[in-house]
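Down below is the structure, laid out as C-alpha cells.
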Amino acid sequence: MQEEIKIMNVRFNNVSMDETVDFVLKNNLQGYICTPNPEMLLECEKNPEFLNVLNNSQLNIADGIGILWAATQIARKSSKLKALTELPFIALAPKRFKNVLKQRVTGTDLVQEICKKAAQTHLKIFFLGAAPGIAENAAEKLEHKYPGLNICGTYAGSPAQKDFETIKELIDKQQPDILFVAYGAPKQEIWIQQNLHKFPSIKKAIGIGGAFDFIAGKRKRAPKFMQKLGLEWLFRLAQEPSRIKRIFDATIKFPFKLIKTLK
Ligand code: UDP
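Numbering (numbering that gives the first Met the number 0), first residue to last: 0 to 262.
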C-alpha cells in the first residue's frame, strides 16, 4: 500500500484514525496536522501560501469521501470516463475507495478520538477559536464524557494580530501539549504555521474547522448512515443553505477539476 499520494499538488498520508491519534499523543516533535477536504484543495489552486502550509504539515489526512475517490482514480491512473462513471459509487459503495487512502478522518471525529485517548494520559489540551462560549461548552462536554481529560484552557479570539498577545499569555500560562484551532480553513492552518514555533510546550496543533460547534451542539452532525453514504453535504445544505457555494465546490467543482487532470 502506498504511504502517500498527491492530489491536486497536496500530499496526503495513508493513515487511519488510530494511527493519527497515536502519532498525536506519542510523537514529541513539534508540528501540525491538517485534514484537507475538497474545498481546501480548490483554495490551494489560488492560494500558494496555503498549498505550502499544507505540504509542510507532519500529516495530511483525508477529510471527505471525495478525497478517497480522487486518490483511487489517481493511483489507478483511471481515464476521465472511468473516474466519471465511478462518481455514483461514492454513495452506492464507498468501501471501494478505501484501498489507496484507508480512511476518511473528519476534524470532529479526530477531536473526539484524541480527547478519548488523552484522558488516559497526563497530556494537556488547549481549545482556540469558534464563537465565544462554544469552545468552553465543547470542553465541558468532553471532560464529562472522558473523565481524566485535561482541557487546560479555551479562548475564542481570532487569527487577527490584535488578539495574538492575549492568546500568547493564556497559552504560556497553561503550557498545553496539544492545540486545536477552530478559525476555519485556510485561516486556521496559516495561523498555526506562522505561530506554532512561538509556543514550545505544544507538540501538535490541528486545525479542526467547525468541530467545537458540533461537539457543543450548536450545529448538528448528519446521521451516521448519511455520513457513510458520503451524503453529509446534503444534510449540511438543508441545515445551512448559505453554504450552497461551498457544497457546490466540494461535490461538483472538485470532482470535475480532478477528472480534467486525468488522461
Ligand atoms: N471561526 C472563528 N473565527 C474566525 C472565523 C471562523 O472562530 O475568524 C470559527 C467559526 O465560529 C467555526 C469555525 O471557525 O466554529 C469554522 O467554521 P467552518 O464552518 O468554516 O468549518 P468547517 O466547514 O471546516 O467545518
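Cβ atoms here follow ideal geometry from the backbone N, Cα and C, with glycine treated the same way. Bear in mind the structure is a predicted one, so any value in this text is a computation, not a measurement.
Residue i Cβ short of 7 Å to the ligand UDP heavy atom set
i: F179; result: no
i: I145; result: Here the sequence assigns Tyr to residue 145, which means Ile is not the residue at that position. No, Cβ of Y145 sits at least 7 Å from all heavy atoms of the ligand UDP.
i: L211; result: A small fix is needed here, since residue 211 is Phe in this sequence, not Leu. Answer for F211: yes, Cβ within range of the ligand UDP.
i: A138; result: no
i: K186; result: yes
i: G183; result: yes
i: G152; result: no
i: G229; result: no
i: P158; result: yes
i: A61; result: no
i: A129; result: yes
i: A155; result: yes
i: G208; result: yes
Simplified DSSP state of residue i, which is helix, strand or coil
i: E2; result: coil
i: R75; result: coil
i: A210; result: helix
i: V20; result: helix
i: R103; result: coil
i: V9; result: strand
i: G30; result: strand
i: N51; result: helix
i: L41; result: helix
i: L261; result: coil
i: L58; result: strand
i: G63; result: coil
i: K244; result: helix
i: P93; result: helix
i: P254; result: helix
i: L86; result: coil
Residue i and residue j closer than 8 Å at C-beta
i: I258; j: L41; result: no
i: L277; j: F11; result: Beyond the ends of the chain as shown, which are 0 and 262, falls residue 277; an answer cannot be given.
i: N149; j: K123; result: yes
i: V9; j: L58; result: no
i: V23; j: A61; result: no
i: G106; j: I207; result: yes
i: Q193; j: K219; result: no
i: Y31; j: S56; result: yes
i: A181; j: G128; result: yes
Local Cβ density within 10 Å of residue i, reported as buried at 16 or more and exposed below that
i: F255; result: exposed
i: F224; result: exposed
i: D21; result: exposed
i: P185; result: buried
i: D171; result: exposed
i: A137; result: buried
i: G209; result: buried
i: A159; result: exposed
Would you list, in sequence order, the uninterrupted beta strand (DSSP E) runs of no fewer than 3 residues that lie entirely inside the stretch 106 to 164?
-> 123 to 128 and 149 to 154
Which full runs of the alpha helix (DSSP H) of 4+ residues lie inside the stretch 163 to 240, going along the chain?
-> 163 to 173, 186 to 194, 210 to 215, 223 to 227 and 231 to 238
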